[in-house]
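Read in order, the letters of the sequence shown are residues 2 to 394 in the numbering used here.
Beta carbons: idealized from backbone N, C-alpha and C, even for Gly.
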Amino acid sequence: MNGLNIKQTDSAYIAHTYARFDVALVRGKGSLVWDENGREYIDLAAGIAVNTFGYADDVWADCVAKQAATLQHTSNLYYTEPCVKLAQMLCERTGMKKVFFSNSGAEANECAIKAARKYAAEKKGQEYSTIVTLLNSFHGRTLTTLAATGQDVFHKDFTPLTPGFVSVPVNDLAAAEEVFRTQKVAGFIMEIVQGEGGVMPLDKDYVTGMAKLCEQYDVVLMCDEVQCGNGRTGALYAYMNYGVKPDVVSTAKGLSGGLPLGATMLGEKVEAVFTPGSHGSTFGGNPICAAAAISVLERLDDKLLNEVKQKSTLIIETLNGQPGIEAVDGMGLMIGVKTKKDAGDVIKKCLANGLLVIKAKDKVRLLPPLNIPQELLTKALEVLKEAAKEEQP
Ligand SMILES: *Cc1c(COP(=O)(O)O)cnc(C)c1O
2 MNGLNIKQTD SAYIAHTYAR FDVALVRGKG SLVWDENGRE YIDLAAGIAV NTFGYADDVW
62 ADCVAKQAAT LQHTSNLYYT EPCVKLAQML CERTGMKKVF FSNSGAEANE CAIKAARKYA
122 AEKKGQEYST IVTLLNSFHG RTLTTLAATG QDVFHKDFTP LTPGFVSVPV NDLAAAEEVF
182 RTQKVAGFIM EIVQGEGGVM PLDKDYVTGM AKLCEQYDVV LMCDEVQCGN GRTGALYAYM
242 NYGVKPDVVS TAKGLSGGLP LGATMLGEKV EAVFTPGSHG STFGGNPICA AAAISVLERL
302 DDKLLNEVKQ KSTLIIETLN GQPGIEAVDG MGLMIGVKTK KDAGDVIKKC LANGLLVIKA
362 KDKVRLLPPL NIPQELLTKA LEVLKEAAKE EQP
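Below, the structure written as structure tokens:
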């Protein structure tokens, strides 16, 4: 790699789907990461809520290395222990009944949607195929999860998308009920905290109301916990903060702490919909990804989750009402900061001052590793506060 110009070569050979920051990262440890020039950054992005315990965490790395040196992949034609153990852990900690493993958030949602449609087809008839989703949502980049995503900006030039999706406004029970009443609905999917949509937690009354409506109309209730799951909000899964019981929970991002793993958890209503041959994934339940996820879940205990809540309070109290900061939204360590200045400019200034933060809509989004030391978090917030201040003329 000596002499390789990373940025030029990237531009020459990698499809131009990403507007990358002007920095090439080469190594990390915990909540710190270094670029090709040896510059240090505090990371409040965690690879978009993926690196649950930061970079090169000792326990995580050891677990991955051991599994890699033992059995890295078998295909789903054979039994392996790590994915079985992981599925058992997920079910025991959520009350869900079965798990299907895949490799990404989009695939976890594809499986959720397939489960809802298959349930409805068998129970109510093939014509019950409509999936109700929320405006401002994000569910992935495949043609079906794009159809579920209630933001037109992602659809442009990719139509026709998978048919059978209807998006309704957030926190509007009547709008959803109208669709439930007048169309043949199979399922309803929501992010408890809309991530890409600007880090917006849904209203509690809305979530509990939707759970009731789904029960009343026998509609499969799906929670997309790809971003807000796995301890991110201070509960193992965000729906647990709202006292509802979804029929399907999909997750990915933070589940395996930095390796690609999607999981679709199926509750009582849909646990039996899939039969041999009805769904599959070559890499799904890969032993290394599963072993890593076991080590992540083992550490997401009450103590850690309480620390997430405490750090959340620290962030909100430190930033609320500060010069240049208009609002702080979110839940746990999933925070959106509305700044007076353009969020992109604030983010660039943070980068220049050694802090990685990202954007969600018009906000600065914070998704730190869940175990970020308090001193580093405090230091990072000082950088952010300084960057958000408006320059005096
Ligand atoms: C990131 C995200 C996805 C898509 O996950 P991929 O792993 O990129 O496919 C789906 N839903 C939500 C809520 C997300 O945040």
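| Item | Value |
| --- | --- |
| Contact set for T150: own chain, Cβ-Cβ below 8 Å, skip 5 residues either direction | T134, S138, F139, H140, G141 and H156 |
| Terminal residues of the beta strand (DSSP E) in which D225 lies | V221 to D225 |
| Check: G263 C-beta below 8 Å from any heavy atom of ligand 1 | yes |
| Pick from L352, E226 and K386 that is closest to N321, judged by C-alpha positions | K386 |
| For G48, the three-state DSSP class (helix, strand or coil) | helix |
| Span separating the alpha-carbon of E299 from that of K99 | 19 Å |
| Beta-carbon proximity of T53 to G232, cut-off 9 Å | yes |
| Outcome for G4 when other beta-carbon atoms lying within 10 angstroms are tallied against a minimum of 16 | exposed |
| Reference L368, options V51, K30, V24 and D36, closest by Cα | V51 |
| L357 burial status per 10 Å Cβ neighbour count (16 or more: buried) | buried |
| Counted within 10 angstroms of its Cβ, other Cβ atoms place F398 as buried (16 or more) or exposed | Residue 398 lies beyond the residue range present for the chain, which begins at 2 and ends at 394; the question has no answer from this structure. |
| 8 Å contact criterion, which M223 and D248 should meet: CB distance rounded | 7 Å |
| Alpha-carbon to alpha-carbon, S279 and A433 | Residue 433 lies beyond the range of the chain shown here (2 to 394); nothing can be said about it. |
| Helix, strand or coil at T209 [DSSP, three-state] | helix |
| Cβ contact check for the region 197 to 212 and the region 360 to 375: 3 or more pairs under 8 Å | yes |
| Whole-angstrom C-beta distance between S282 and N104, which should lie under 8 Å | 7 Å |
| Option nearest D330 by Cα separation, candidates K67, Q89 and K339 | K339 |
| Own chain residues within Cβ distance below 6 Å of E383, not counting five before or after | none |
| For N77, the nearest candidate out of R21, V85 and T319 (CA to CA) | V85 |
| Where the beta strand (DSSP E) containing E123 begins and where it ends | That residue, E123, is in no beta strand (DSSP E); its alpha helix (DSSP H) goes G106 to K124. |
| Opening and closing residue of the alpha helix (DSSP H) in which E93 lies | E82 to T95 |
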